[in-house]
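Taken in order, these protein sequences are the chains called A and P. This note's numbering puts the last residue of the first sequence at 911; the count rises by one with no breaks. This note's numbering puts the last residue of the second sequence at 911; the count rises by one with no breaks. Below: the structure, in structure tokens.
2 protein chains.
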Amino acid sequence: MGGYVYFFAQNRAEGSAKKRNLLGGKGANLAEMANLGVRIPPGFTISTEVCRYYTAKHEYPDDLEEQIKENLKKVEQATNRRFGSRQRPLLVSVRSGARISMPGMMDTVLNLGLNDASAEGLIQETNNLRFTYDAYRRLIQMFGSVVLGIPGEKFEELIEKKKEAKGVQNDIELTGEDLKELTDEFKELTEKEKGIEFPQDSSEQLRMAIDAVFASWNNKRAISYRKINKIPEHWGTAVNVQTMVFGNMGDSSGTGVGFTRDPATGEKELYGEYLINAQGEDVVAGIRTPQPFSTLKEKMPAIYAELVDITEKLERHYRDVQDFEFTIEKGILFMLQTRTGKRTAQAAIKIASDMVEDGLIDKKEALMRIDPAQLEQLLHRRIDPQAKLEVLASGLPASPGAATGVVAFTADRAVELVEQGKKVILVRTETSPEDIHGMAVAEGILTARGGRTSHAAVVARGMGKCCVAGCGAIKVNEKEKEFKVDGFMFKEGDFISLDGNTGRVIKGKISTLKPQLSAEFAELMKWADEIKTLGVRANADTPGDARLAREMGAEGVGLCRTEHMFFGEERLPYVQQMILAENKEERKKALEKLEPMQKDDFKGILKEMEGLPVIIRLLDPPLHEFLPNYEDLLVEVIELRMEKTDQKQLREKESLLEKIVALREINPMLGHRGCRLGITFPEVYNMQTRAVFEAVAELTAEKRSVEPEIMIPLVINEKELAILRKETVRIAEEVMKEKKVRFEYKIGTMIELPRAALCADKIAQQADFFSYGTNDLTQTTFGFSRDDAEAKFIPIYLEDKILTDNPFEILDQDGVGQLIEIGTQRGRKSNKNLEVGICGEHGGEPSSVKFCHRIGLDYVSCSPYRIPIARLAAAQAKLEEDMVQEEARGR
Amino acid sequence: MGGYVYFFAQNRAEGSAKKRNLLGGKGANLAEMANLGVRIPPGFTISTEVCRYYTAKHEYPDDLEEQIKENLKKVEQATNRRFGSRQRPLLVSVRSGARISMPGMMDTVLNLGLNDASAEGLIQETNNLRFTYDAYRRLIQMFGSVVLGIPGEKFEELIEKKKEAKGVQNDIELTGEDLKELTDEFKELTEKEKGIEFPQDSSEQLRMAIDAVFASWNNKRAISYRKINKIPEHWGTAVNVQTMVFGNMGDSSGTGVGFTRDPATGEKELYGEYLINAQGEDVVAGIRTPQPFSTLKEKMPAIYAELVDITEKLERHYRDVQDFEFTIEKGILFMLQTRTGKRTAQAAIKIASDMVEDGLIDKKEALMRIDPAQLEQLLHRRIDPQAKLEVLASGLPASPGAATGVVAFTADRAVELVEQGKKVILVRTETSPEDIHGMAVAEGILTARGGRTSHAAVVARGMGKCCVAGCGAIKVNEKEKEFKVDGFMFKEGDFISLDGNTGRVIKGKISTLKPQLSAEFAELMKWADEIKTLGVRANADTPGDARLAREMGAEGVGLCRTEHMFFGEERLPYVQQMILAENKEERKKALEKLEPMQKDDFKGILKEMEGLPVIIRLLDPPLHEFLPNYEDLLVEVIELRMEKTDQKQLREKESLLEKIVALREINPMLGHRGCRLGITFPEVYNMQTRAVFEAVAELTAEKRSVEPEIMIPLVINEKELAILRKETVRIAEEVMKEKKVRFEYKIGTMIELPRAALCADKIAQQADFFSYGTNDLTQTTFGFSRDDAEAKFIPIYLEDKILTDNPFEILDQDGVGQLIEIGTQRGRKSNKNLEVGICGEHGGEPSSVKFCHRIGLDYVSCSPYRIPIARLAAAQAKLEEDMVQEEARGR
């Protein structure tokens, strides 16, 4: 065999950027730069194949040593230096370099090639005792700790002692002589600790360093980093052996790092920092403050011009922003590294947009460049990244955004405090429908119990408010108006802050940043819309949501949850009346009160969405969700019983309790809800349907174009749908007759139970459209109650890799996705005009959106703030599909 | 068109038994009897086609009248009588006759053809004034009520008046003259009520009667009967017009009904009753007591011999027990009807067995003759069918059987009462694990709350005890030790009885009958085993269950639920200790106490099942099921808090409450249970696995042949199974080493979530066997929580025909069945040796068992008492398959 080692030097590299898997990111980019004619310190890369070989067999390939020797010779020729020689000694570094950068996780050894003899030579050559011994003592220090495993602090102790002895504060104040002494002391330490001399044979140094760097692929740090970042173990690392260049050889030397554009804003200007007379680690150490490039332009105009030239070339070549490192050794510029620069979402958009303008990339490539998930950053209030935070605890990131305010423990108190002009965070053990008015005025909501589908979470997302839910670490005492967390006690009026993106609960006030959408953002979204074929609709429950959704680019409402309207403060009493009604008459009376309110809601939403379809889902959750909390009431009743004072109140509460008990269920998720309610209590659905159609009729009479679609939730078979469809049609006809207008409408169903997907052929005969309710479909397909699962075992499943992703965040394509495919195929087979989409939170998650495109759905529907994410993901899905097809044609 | 009317007379019938759909059951059997040479009163059948025609078009086919006329002429010729004539008048009856008998649901008119003239003729012919006017007044009475719609009680009133006027008690005491007067009064009544004369034109009478009988297909009674019995409306009824014969023409006349064999016991002897000088309705009216056939043999030996002859012929012809009616008119025997006789399960078996012995049918036919579901009757204690019952209320039939005893309201009290020698019915609002010792001693269990998967139901079924659950009509006051129902109050010690087969709660003591299995039963089961290819295993949790299962013919244990062992009185404290453990150490300590107990359980079961496979499922339910009831504890804590006396107890209870709160789940069905527990708390599964393997090792050392199979519940993917498989193998190896024996075992999984079925190809690579948990699979596929659904909406769904059957009783082949097929195909594709079965209650339900056979499963597993049902159903499934294949070959 052969070909384990790849040489590189300016204009002469054996590798290239395409060989990234073999050479690692660093090695591949060095080769690529070299071939572009960029000046880099010559060297060679030992491929990842060797790492795999070594991991498997615990030895190296036979001819590896020979190949290294040959390549070292080429480096010597290229640099006109000799490794380990007194005369013009060649110094090299040995660094790891995996396919994907794993910063700081693996080991590095610098200055290899120094020994007592070559040090002497270097002093002569550089005429710089201090420089030489600084380099030498660094080599022994790094070699000692990395290769030989001597604890680093033992070397540090010696340095400290030396500084004390010399009466100086900083390393920099140590003289060449001091460092020479230190070098000897380091050698002694090495011998004392490991019983061997620091090797004077440079080849031995190199061999041992390469060994150590390969071995560092399997150190603890690296393994756990790979686990977190899902990097496969079998990738292995490459090892780069490269000529040392020194930025610390006086004032014509220096070192720096930069970006070809501003990685925070995307502005098109060289951006970076440098230090004169310094090595790379000095920039990192932070003792001296690096200077901006503007001063480099003044101080070293030629170097700066060369740098601009090279980096522009690199950007043009790679067609993307570059993150680069360089060193200036005695007036000569060496590039050390270049790679694609990480950037904020804002910068990503600006850069992509500018590059399209400059003709560097086309619109398609621009769209592919943006990570859709990253857009979330732009769409919500967020914590100022500059802010220093004191994190108290973490809960579930239940609704994104950031909020800061004073604590209130009851909804009423929240309202009072807001009336006093304060910003409020509502803190509850868990919220219930009675807290709605408090939630409505609060900046954010924090609960101790409940998952991401808890009342607090669902309502907060609906309101677009930041919410951290299920934060078990906080102990709320609502009676005493205080909560404890992490040893702190918070009272009403104390400031706290929430990070709804991460679930963090933060002490005190923090500053938050408003979302700002740039012109480039709008442009990019326009391009996405031009390309994508998948529709994007919004989940919107109020006219406000609908307006926002339209601003975000929604092409309709894919899910309007009518029950969210039931939680309104002025409505809940009637909803409760309706539920607790003893007979049909009483129920009807309460419903008559609700109908005009619902009609107004629907009018508002339909008006906002004029010209676009609006899917309105009839009541879905079990009725007891609208009633007072059972346990609280139970406690009250017992207390009243024991107090024996207020018999009348006791009897009332007992009677209420009895009704709530009758409505309670063991597994409410799988209970009396959805169309099951519609069938057993037809009055409720009839009221809702009537409210929709009256709204439609009135708007139609106003010559507004509205497209209502009535959606029946939770069906198991076609018969349920047939019954409810008939009722819906009857009411539509009634309303048209009464209001003397004609209007069009559709009737469809949620597919959110496995049985519905499996029997979709029959169901489709009764449906104009299907909408997959992926939340419930995930719950039933997995047998996971989201609230329970996310609190109790999904985190463990993710850690143990039993699950790759949380299926409530990222659609489970293997299981749930299969049902969606089956349902869609069968449904369309029996009803060619069937419109098919998904609603549920997956509709705004990029990989899930792409899946929906691939299996040919008509649209996805997601919360308003996720619409841009879905639009971009949909465009990318189309582009990826085109690429696959082109490739297939090419073959 | 033609052929609406089918003539029949002895040896000359146009129809046959094969034309049942066209002629109805009655008409087809009359034709068949006629063609067999049996003497029947001549007549004709108007086909069901006419009923359909009439229902659709509200008129009769054009030539129907003509066909009726022709056939009436044939009847006249056959009887040598003339319809409506004074001379030898022909009297006919008009009766309905649907494909399936709908006794008493539709109308009948007798004695048509009588008018003033023919009555005179009949008097002359019979020399019997009383007979004639009795017949005539009956005609007017039936015609008036059935055809004309005059309320029947108006005729009855006139009869009562007449009796009063004549000073007699019974109709029979009225003389011929009295009846003649009554006939005139009836005519007047008819005219007064309907403004028309009773028609003297016999053809008019016939036309109107036929009309009325066809119309009665759509009377309320008939419609609701069809609904209950699932008879399609489009079947329609036929109408039979038949010569009247009279059993009330003196002592050489009579009428009777009988069975060719005893329908209760199956004994092979003519069985029936008759009355001399009486009409059929007299037998029904119950004024005179009918005589057994034994006296007929004495009194009319020739007639009896002829009857024996005819009925034997009929039985031989139909090859099944016949239920027949006959009339003797002046010494001449006429058969009026024959049909397959209904019989008890016991009789069905005896008859089938005897007929095989007699060579009348073969074993296969015998097997097909028995309704598997009917076997349930034989296998449990049941209420004496003779007993008069005062039913108080109905609950869910949660566990079959019958029980009688005194009421106890607590488990402790139940134990005390049993110790006093009493039989006890435990009555609770709902049961919890703490009631187990009371349930164990009780005869039966009655609960006010909870469905058929409630604690009470599951435990009772496991114990083979009668249970009525969720009987909402009873209001239990456990503190006062009383319950109210239907206006009655029951105290401790009062007698009640339960019918676990129907859910009835009965006042007082009743006598119950023991199950008795005959030799014929055993024989039949042997035949079933010879034919069936599907295995039948048992769900058995204890050695006692296993023994019973083996007696019932189980070929192994398909499901041993280890958690049921956890509920034992001496175990529960350790189980609770394990759950409430603060750390691994504490948990291990509790588990160490449990391990030897579990080992003994397993040894017991494995020993009972020596030579047969035993599938042991590891812990499945959520842990909080083993803890005290949350609400009870909450109430206790609040009471203690308010009393402020016992602070120590309060603190203890509070701490327990806190732990229970932490374990509570919103939807426990979809929560932290099954293998999710096994993965997050490996100690529990490890204890159980070790207990199994130690049991196996010890039995193997005793040279016993045992076949353990470890089953992992509730998997969603192959990774869970891989992890737990590895652990299981590790422990097996450990135990083999420790105990110095080798043994074989299998590791498999329950498939009870849609995802598992959909991803069965991957899961099968880690599994030796699959067992479909159809209860949970039904719950998740439908999104039905069984407890909630059966209480709240399944009854409505069944009534509205949204569901044909309760999917928890009869496997939903369309939805759940699809998943089972998919899972089985995919599983076997990737693992050719995969063994596949179902457990869950469907395993003992005949149609579900047949489905399992059809899709090629290896076995079903059900509760011990249902094993015979499953064996028979499996045999029938095989026979049905063979028939289909034969037919296919024939074509």
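All C-beta atoms, glycine included, are put in the ideal place defined by N, C-alpha and C.
Same chain only: Cβ atoms within 7 Å of residue i, ignoring 5 sequence neighbours per side
i	result
T309 (chain P)	none
V712 (chain P)	F622, I636, P728 and I730
R693 (chain A)	D640, P641, P642 and L734
A54 (chain P)	F28, A29, Q30, N31, R32, A33 and I60
Same chain, Cβ closer than 6 Å to residue i, five either side skipped, listed in chain order
i	result
L159 (chain P)	N131 and L134
G351 (chain P)	S272
is_contact[residue i, chain A] using C-beta, thresh 9 Å
i	result
P392 (chain P)	no
A809 (chain P)	yes
I875 (chain P)	no
K499 (chain P)	no
T800 (chain P)	yes
I686 (chain P)	yes
I445 (chain P)	no
Close beta carbons around residue i, own chain, < 8 Å, minus the five adjacent residues each side
i	result
E912 (chain P)	Nothing can be reported for residue 912 (chain P), as the shown portion of chain P is limited to 21 through 911.
K182 (chain P)	L194, D198, E201, L202 and E205
Chain P contact for residue i (CB, 9 Å cutoff)
i	result
A548 (chain A)	no
Q905 (chain A)	no
M849 (chain A)	As written in the sequence, residue 849 (chain A) is Lys, which differs from the Met given in the question. Chain P, which has no Cβ nearer than 9 Å to the Cβ of K849 (chain A), makes this no.
M662 (chain A)	yes
E772 (chain A)	yes
Where residue i meets chain P, residues with beta-carbon distance less than 7 Å
i	result
F804 (chain A)	L690
L734 (chain A)	G803
Q838 (chain A)	L778
Residues that residue i contacts on chain A, provided the C-beta gap is smaller than 9 Å
i	result
V655 (chain P)	L654, V655 and I658
I816 (chain P)	R696, I699 and T700
Beta-carbon neighbours of residue i, restricted to chain A and to distances below 7 Å
i	result
G835 (chain P)	R775, L778 and C779
N649 (chain P)	Here the premise fails: no neighbours, minimum Cβ distance about 13 Å.
Residue i: contacting residues in chain A (beta-carbon distance under 8 Å)
i	result
N706 (chain P)	None at all; the shortest Cβ gap to chain A is about 16 Å.
Contacts of residue i in chain P (Cβ-Cβ under 9 Å)
i	result
F813 (chain A)	G691, H692, R696, L697, I699 and T700
Chain-ordered chain P contacts of residue i [CB-CB under 8 Å]
i	result
S821 (chain A)	Ser is not the amino acid found at residue 821 (chain A); the sequence shown has Lys there. Residues of chain P passing the Cβ test: K739.
Next on the checklist: Going residue by residue through the segment 428-477 of chain A, where are the continuous alpha helix (DSSP H) segments of at least 4 residues, counting only ones entirely within it?
Outcome noted: Counting only unbroken stretches of 4 or more residues, the alpha helix (DSSP H) elements lying wholly within the segment 428-477 of chain A are 431-439 and 456-461, in sequence order.
Checklist entry - What runs of the alpha helix (DSSP H), each 4 residues or longer, lie entirely inside the segment 762-804 of chain A? => result The qualifying runs are 774-778, 780-784 and 794-802.
Next on the checklist: Suppose only complete runs of 3+ residues qualify. What are the beta strand (DSSP E) ranges in the segment 21-98 of chain A, listed by chain order?
Outcome noted: Entirely contained in the segment 21-98 of chain A, the beta strand (DSSP E) runs reaching 3 residues are, in chain order, 25-29 and 63-66.
Next on the checklist: With a threshold of 8 Å, are at least 3 pairs of Cβ atoms found where one atom belongs to the segment 274-291 of chain P and the other to the segment 339-350 of chain P?
Outcome noted: Between the segment 274-291 of chain P and the segment 339-350 of chain P there are three or more C-beta pairs closer than 8 Å, enough to call the two in contact.
Checklist entry - Touching or not, the segment 849-856 of chain A and the segment 362-369 of chain A, by the rule of three or more beta carbon pairs under 8 Å? => result Taking a contact to require three or more Cβ pairs closer than 8 Å, the segment 849-856 of chain A and the segment 362-369 of chain A do not qualify as touching.
Item to check | Segment contact, 8 Å Cβ cut-off, at least three pairs: the segment 253-271 of chain P with the segment 64-82 of chain P | outcome: Flag = yes, the segment 253-271 of chain P and the segment 64-82 of chain P touch.
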